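There are 2 protein chains.
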Amino acid sequence: MNKRLLIAQGGGPTAVINQTLVGAVFEAQRQGFSEIYGARHGVRGIIDRQFIDLGRETPTRLERVAYTPSSALGSTRDKPDAAYCARILEVLKEKQIDHFFYIGGNDSADTVRLVSEAAEQSGYPLCALHLPKTVDNDLVGNDHTPGYASAARYITQTLMGADLDNRALPGVYLAVIMGRHAGFLTGAAAMARHYPDDGPHLLYLPERTFDMDRFLADVDQIYTRLGRCVVALSEGIHDASGEPIVTRLIQAEKDAHGNVQLSGTGALADLLSTTLREKLGLKRVRGDTLGYPQRSFFGCYSQVDAQEAREVGEYAVQCAMAGQRAQSIALQRVGDYAVSYTLIPLTTVAAQTRVVADDWITAAGNDVTPAFCHWLRPLLGSELPVPGHIV
Amino acid sequence: MNKRLLIAQGGGPTAVINQTLVGAVFEAQRQGFSEIYGARHGVRGIIDRQFIDLGRETPTRLERVAYTPSSALGSTRDKPDAAYCARILEVLKEKQIDHFFYIGGNDSADTVRLVSEAAEQSGYPLCALHLPKTVDNDLVGNDHTPGYASAARYITQTLMGADLDNRALPGVYLAVIMGRHAGFLTGAAAMARHYPDDGPHLLYLPERTFDMDRFLADVDQIYTRLGRCVVALSEGIHDASGEPIVTRLIQAEKDAHGNVQLSGTGALADLLSTTLREKLGLKRVRGDTLGYPQRSFFGCYSQVDAQEAREVGEYAVQCAMAGQRAQSIALQRVGDYAVSYTLIPLTTVAAQTRVVADDWITAAGNDVTPAFCHWLRPLLGSELPVPGHIV
């Protein structure tokens, strides 16, 4: 029996999403799939019939792609509805695709669900699997998701350097970090600390209401004690009504999912910097919005993350061989530290958002707990740099 | 004869400024200096008498410091005048310091000049040397300066990733890069290209007048051809009158040198993004201001840069042993590729600014030339990542 696989990548790129792609390609070849296609730009490339024959790529080239950040097939922000998914199914039938892997976040899981349902309704035998990736780590049912750890490592190394810079030229430094609803990436800033009084000194996650007066008091306290202060905060911090702090300022652009654009603007850092200068009379305040390098800087990744992302691709093929049809791959933690791969229902993941657990955020709401750091540490991989100080 | 050395670090941190510090300490120990002190926070720590006995640091600790970014002794933005330098000399006399090394940029060279003059006038025998560092590469009399190549490498890897991200999710991406008057760092973005049509597609350096209409036409042309466009530009881009573009927008903060603060704000990227949306009707425009990670990200440096920075420290001690008194260390290129170290007059470097040569910028003023890339390539060190594409 011929097996024909189509793979696509959706949503924001990560440093290791191509590992998953390449893992699936190699394992599908090993398992005797007759055709392995990639769709350009996610679901958009399916309905546009922009297919690439991945079986023609050499192993050497694919290995290089695996270690290249961003989505090698291209991605999309399209969020298909049932009608869009019916068109996807139409193309799958036309191309005689009986296996469809979509590598993406919770929206991509929802797409797989819709396509699966359409296939089932029309009696078309289709194995459709969702392969997880997201820098935000916001997928329900997973200990963590491929892509997160590499972005977390980038943030750790950035904040290590930012803290050293702030020691040399003291003042207040703000780092605005990706994360609309989930503060996992901002939490990773905590891993930059090695010694007492190392920064970042304050972390603000979108899981807690951001209170400007409280923020000012927090910074004032640290600055008074140390003569400097390093702050990490999520782009998605919001007031008690749920309104993002940044939308107080800017004409917000909305994407196809109705989400306000938070990345790619320095407005939040600038707003908070100005507020600190005006309210606390601080002279040297700097704010960086870490931006796209968090997910696509070329040359900083977690080897643990890369390996797990690869295995997700391999595992998906093995699930397909075992007759699985409409599921999401999930990562579970086994011991300290290993992972196992499993299948969970698409509805567990689809359009759901996991956030940082309550007991991973301190009572004061301005830091993560040791339990969070214990959870994160093994994901970052080995050979993290360690700063030397002159004391 | 006892030899007593004081070392200080001034201005903005770099990824390798501690290499220079550690190179000087080890070589001074080897040459039998009796005391080796470090001053906290540059010249500020001298007049505040905040000295550290560097002879007490273990080699292991110093090696770790050498590979740690930022200024381990702390830095300062103080720009001493003659009166301030007279106070510095007073402390040097009091502590019986007969060797003073100041690691810094052109302002630090000017400080060394003033202190040297004061010492000479008062008949105090002082060897005062300026040891170069700057991420901006704006020191006259040098082929390049320690610190630049590591920041350039960070920018190269950032733009490599940004271009891959922009391929996956096409639109316009702007990266605002450090550099007030000198565009060497923005030029480094060109090294991110490997294949035809790789980004960045446009580079704007402060050596050329920034014309908004021209910019819009440039972006429009690239976007029309490729459906995407990646732009790298210096924070210091300015209009024909020399007024920075960013000051059209923000209440600019000025530092002690009278310079407008350009870093640590996302205003320029936001201004240009908004203009592109409004004037060209583009939907997806993102702007990142790369910020402090350019100079202090922990884990990205050029090994060539690190080694040269170390040798600058060693060479300074050797110059002192040879009886040199008031000079600046400079790097000269020998062959392709090696460097030699030499001494140049402090007045050659002090308060001067080197900018990118005319023939290293294209006639259209929106890119660097192959000659610039040929000059830069060996500085970046080995093992730069190479992207894999699926074609």
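So the sequence lines, in the order shown, correspond to chains A and B.
Okay, so the first sequence: first residue is 253 according to the working numbering, each after it adds one.
Okay, so the second sequence: first residue is 253 according to the working numbering, each after it adds one.
For every residue, glycine included, the Cβ atom is placed at its ideal position computed from N, Cα and C.
This structure is a prediction, so every number in the text was calculated from the model and none was measured.
Own chain residues within Cβ distance below 6 Å of residue i, not counting five before or after
i, result
"B:I474", "H453 and C481"
"B:Q271", "A318, A558, A561 and R562"
"B:A361", "H382, S580, L598, V601 and A602"
"B:A267", "P321, S402 and Y553"
"B:I596", "G393, S580 and A582"
"A:G435", "L457, P458, E459, S486 and V608"
"A:D374", "Note that residue 374 of chain A is Ser in the sequence shown here, rather than Asp. Once the five neighbours on either side are set aside, A:S374 has no close Cβ partner at all."
"A:W627", "none"
Residue range of the beta strand (DSSP E) that includes residue i
i, result
"A:R688", "Nothing can be reported for residue 688 of chain A, as the shown portion of chain A is limited to 253 through 643."
"B:Y678", "Here chain B comprises residues numbered 253 to 643, so residue 678 of chain B is not present and cannot be evaluated."
"B:A582", "A578 to V586"
"A:F303", "F303 to D305"
"A:P321", "Premise fails: A:P321 is in no beta strand (DSSP E) and is neither H nor E."
"A:P597", "A590 to P597"
For residue j and residue i, the rounded distance between their alpha carbons
i, j, result
"B:T499", "B:S486", "14 Å"
"B:Y589", "B:V556", "10 Å"
"B:P545", "B:K345", "39 Å"
"A:L520", "A:T541", "8 Å"
"B:S327", "A:I259", "52 Å"
"B:L468", "B:V295", "45 Å"
"B:V343", "A:T527", "40 Å"
"A:R282", "B:V607", "56 Å"
"B:I298", "B:D350", "14 Å"
"A:P637", "A:L391", "29 Å"
"B:F303", "B:I340", "13 Å"
"A:S368", "A:A578", "6 Å"
"A:Q503", "A:H490", "Residue placement at A:Q503 cannot be trusted, given a pLDDT of 48 that sits under 50; the coordinates are not used to answer."
Any C-beta of chain B under 9 Å from that of residue i
i, result
"A:L306", "yes"
"A:C552", "yes"
"A:L325", "yes"
"A:M412", "yes"
"A:T328", "yes"
"A:E315", "yes"
"A:A403", "no"
"A:S525", "yes"
"A:Y289", "no"
Residues near residue i by beta carbon distance below 7 Å, same chain, minus five either side
i, result
"B:R460", "I613 and G617"
"B:G431", "D388, L437, T438, P458, S486, E487 and G488"
"B:N394", "P384, A582 and L583"
"B:A568", "A276, F353, L381, L383 and I581"
"B:V564", "T272, G275, L383, P384, P398, I581 and Y593"
"A:D522", "G539"
Residue i Cβ short of 8 Å to the ligand MG heavy atom set
i, result
"A:Y376", "Questions concerning the ligand MG fall outside what the structure shown contains, since it holds no ligand whatsoever."
C-beta neighbour in chain A for residue i, strict 9 Å
i, result
"B:T320", "yes"
"B:E309", "yes"
"B:G356", "no"
"B:D359", "no"
"B:G264", "yes"
"B:G565", "no"
"B:H453", "no"
"B:L416", "yes"
"B:R419", "yes"
"B:T517", "yes"
"B:Q281", "no"
"B:L636", "yes"
"B:H641", "yes"
"B:D557", "no"
Run of the alpha helix (DSSP H) containing residue i, from where it starts to where it stops
i, result
"B:C337", "A334 to E346"
"B:V351", "One point to set straight first is that residue 351 of chain B is His, not Val, in the sequence displayed. No alpha helix (DSSP H) contains B:H351, which is instead part of the beta strand (DSSP E) from H351 to G356."
"B:S402", "Y400 to A420"
"A:R548", "Note that residue 548 of chain A is Ser in the sequence shown here, rather than Arg. Unbroken alpha helix (DSSP H) run through A:S548: P545 to S548."
"B:R296", "G294 to I299"
"B:Q559", "Q555 to M573"
"A:G275", "I269 to R282"
"B:S525", "A519 to L532"
"B:D540", "No alpha helix (DSSP H) contains B:D540, which is instead part of the beta strand (DSSP E) from V537 to T541."
Cβ shell of residue i (< 8 Å), same chain only, five flanking positions each side left out
i, result
"A:E645", "One cannot answer for residue 645 of chain A here, as it falls past the ends of chain A, which runs 253 to 643."
Problem - Where the stretch 336-352 of chain A meets chain B: residues whose CB sits under 8 Å from a CB there - result: none
Exercise for the section: Return the residues of the stretch 537-552 of chain B that lie within a Cβ-Cβ distance of less than 9 Å from chain A, sorted by chain order. Expected result: V537, R538, G539, D540, T541, L542, G543, Y544, P545, R547, S548, F549, F550, G551 and C552
Handout entry: Where the stretch 427-457 of chain B meets chain A: residues whose CB sits under 8 Å from a CB there
Key = none
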